[in-house]
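Below is one structure, written out as structure tokens; comments come after it.
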Amino acid sequence: MRFNPRGNGAAHSSLSSYKILRRGDIAFEGNRHRSHPFGQLVINDIGDGLMSSRFQSIRPKEPCVISFWKYLLQNERDMRRLLICSTKAGTLMNEFVFDDFSRLDVQLPERDEQEKIGALFRLLDSIIAAEKRKLQLIEMKKRLLLQRILNGKMRFMGFCDSWIQLKLDDAICVCSGKDYKHLSKGNIPVYGTGGYMTSVSKALSNRDAIGIGRKGTIDKPYVLHAPFWTVDTLFYALPRNGYDLNFLFAVFQNINWKSKNESTGLPSLSKKNIENTSIITPSIDEQYRIGELFSLFDSILDETNQKIRLLEKKRKALLRDMFV
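Following this line, the structure appears as structure tokens:
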């Protein structure tokens, strides 16, 4: 739960109809979501505030262990079972029936154990939040370096040659993807604009390349490791002689591809538009150094993302298994 500092737009004259939601109160949010088809209960863990009278709330008879109940109420498996028995369909959202809810039996651990469980999840959440902040800082640092290094304003020590302006067509060969449905199953990955799709028996390319969307997602280039196949909505760009793949991938990430959209509907890029994009490039040795730097950044970002996914998976498993 969080405060809305801007309010909800309600007139001051209507605030008299609002109810006070104290810290430790539990609010029922009746909107039907895919993950919460019967609505959800949310404990106020931040402080006293006002809540629209359209929403229902529960006030515990005795002070509860907020940190425990916060996570207990997130356990959709058990809460769904309770809300099925204590909600009814309303005009716009589900309605909470307190009398039905109050008759349900719920098994709870002793207060000391509740406090330990709450502390465990608080710690886990703080670790996940710290990793996400770390990820944001690394991404921001990478964006700043992309801008400064790829315009030639920041150089590696020992490099002073002028950069050359050219078209992307001078540095890459843009190739079109093809349909794969005539191929049999195999171990060659097939990629689309959203990433990996399936595996087939034949490769479209045996060289590493850069994938860039032709239709749909046109601003998320990524490296394609050979051998691979791409569908017809994904171009693949092969580096020409004298150009480093990792450097060119950094260049691709620094281009505003959305500004090159050629459609008023589904975003699209043409091969010609990609090829005619102007860039500046240094010597191949400096390209290697720049490519290595941003490849290192990408490795750190991948590792951090993987750590966040594992922590969130662990958190989900604990929520599922601890509240049984």
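Letter by letter, the sequence shown follows residues 1074 to 1397 of this note's numbering.
Glycine residues also receive a C-beta, built at the ideal position from the N, C-alpha and C atoms.
Nothing here was measured: the structure is a model prediction, and the numbers come from that model.
Can you grab the Cα-Cα spacing for the pair residue i / residue j, in whole Å?
i	j	result
Leu-1181	Leu-1193	17 Å
Arg-1038	Ser-1159	Nothing can be reported for residue 1038, as the shown portion of the chain is limited to 1074 through 1397.
Ile-1093	Asp-1118	14 Å
Ser-1235	Gly-1120	60 Å
Gly-1231	Tyr-1361	13 Å
Leu-1311	Phe-1301	13 Å
Tyr-1253	Val-1273	8 Å
Ala-1162	Leu-1366	56 Å
Leu-1156	Phe-1174	8 Å
Asn-1319	Gly-1364	4 Å
Tyr-1309	Asp-1098	55 Å
Gly-1112	Arg-1132	18 Å
Leu-1391	Leu-1383	12 Å
Asp-1375	Glu-1204	12 Å
Leu-1219	Leu-1339	28 Å
Which residues mark the beginning and the end of the beta strand (DSSP E) in which residue i is found?
i	result
Thr-1160	1160-1162
Ala-1100	1099-1102
Thr-1354	1351-1354
Leu-1311	1307-1312
Lys-1092	1092-1094
Val-1296	1295-1297
Quick check on the DSSP output: the alpha helix (DSSP H) that includes residue i runs from which residue to which?
i	result
Glu-1402	Nothing in the structure corresponds to residue 1402, since the chain is present only between 1074 and 1397.
Phe-1322	1318-1326
Asn-1346	1344-1348
For residue i, which residues in the same chain have their Cβ closer than 8 Å to its Cβ, ignoring the five residues on either side in sequence?
i	result
Glu-1188	Val-1138, Ser-1140 and Phe-1141
Arg-1393	Asn-1148 and Arg-1150
Arg-1388	Phe-1194, Leu-1197, Asp-1198 and Ile-1201
Here's a check: name, in chain order, each residue in its chain whose Cβ is nearer than 7 Å to the Cβ of residue i, leaving out the five neighbours to either side.
i	result
Ser-1090	Ser-1126
Who are the Cβ neighbours of residue i in its own chain at under 6 Å, not counting the five residues just before and after it?
i	result
Ser-1341	Lys-1288 and Glu-1335
Practice task
Please specify which runs of the beta strand (DSSP E), each continuous and at least 3 residues long, are wholly inside the segment 1104-1184, giving them in chain order.
Solution key: 1113-1116, 1122-1124, 1129-1131, 1160-1162 and 1167-1169
Exercise for the section: Determine, using beta-carbon pairs with one atom in the segment 1332-1349 and one in the segment 1209-1228, whether at least three such pairs fall under 8 Å. Expected result: no
Problem - alpha helix (DSSP H) runs wholly inside the segment 1233-1283, at least 4 long, in chain order - result: 1241-1244
Exercise for the section: Take every Cβ of the segment 1193-1212, pair it with every Cβ of the segment 1271-1291, and state whether three or more of those distances are shorter than 8 Å. Expected result: no
Problem - Contact between the segment 1276-1288 and the segment 1242-1257 (3+ Cβ pairs under 8 Å) - result: yes
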